Structure formats: structure tokens, C-alpha cells
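Following: one structure in C-alpha cells, then a few remarks.
This is the structure:
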């Protein structure tokens, strides 16, 4: 399996994505770097698919990925109705201007 390491060890990378997923589903969109957004998309699509499944096992897997129980409750209440007809592609990445400090390519990732 190939994935971006983002200059972090596995624990820091897992913590980064848990916090990014929590913020992403809490607000519906976040601004981050392009590399982070492309990796975050994989996790976000998986969480929405779990929410569409909707059983207890799926909820526990989502809690393991997102780490904020309140946000997971919101995901399982709102998203299955919103995406019941859609087979995939729940996120959109829009390019923004580069970050001022280090010219890193910035994007806006949002729920479709």
C-alpha cells in the first residue's frame, strides 16, 4: 500500500488525520495543504461509507477513525440521507493560493 508519510512517524500521522477528520466533518470543509487533503479524502470517503452502512460495527470503526463521538453521532444522523443515492465521491478538493510563509500549495476540501 502506498501513501504519503507527510514527514511524520505513524503515531503522529494517525493523530493528524484523526484531528483533521474531526474538524472536516464538524465544519463540512477545511483549508489544508494539498498533500494532507489528498490523504484525508481516503479516510473521509471511508467514514461516509461506514455511515451509510449504519450498524454498530460501522459506528465503532468510525469512532476509531474520527475520535470525536459527538462528530460521529452527527455523521451517522445526517450523511446517510444526504448521500443515499451517491455511490462514492463525497468530497471535493478546490485549489487555493499558495501559503505565504512557505508557498505550500493550499486547498479547500469540502463535502459535496
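Numbering (the working numbering), first residue to last: -18 to 93.
C-beta: ideal position from N, C-alpha, C; glycine also.
Please read all numbers here as calculations on a predicted model, not as lab measurements.
Assuming residue i and residue j make a contact with CB atoms under 8 Å, what is their CB distance in whole Å?
i         : j          : result
residue 1 : residue 21 : 5 Å
Could you have a look at residue i and say whether DSSP puts it in helix, strand or coil?
i          : result
residue 73 : strand
residue 66 : coil
Would you mind reading off the limits of the alpha helix (DSSP H) that contains residue i?
i          : result
residue -1 : -9 to 8
residue 17 : 15 to 34
Quick one, which of the options has its alpha-carbon nearest residue i's?
i          : options         : result
residue 19 : 64, 48, 74, 44  : 74
residue 66 : 81, -11, 33, 51 : 33
residue 28 : 12, 48, 15      : 48
residue 92 : 64, -2, 77, -8  : 64
residue 35 : 24, 17, 55, 16  : 55
With respect to the beta strand (DSSP E) encompassing residue i, which residues constitute its N-terminal and C-terminal limits?
i          : result
residue 91 : 87 to 92
Return the chain-ordered list of same chain residues with a C-beta closer than 6 Å to the C-beta of residue i, the five sequence neighbours on each side being excluded.
i          : result
residue 43 : 28, 31, 53
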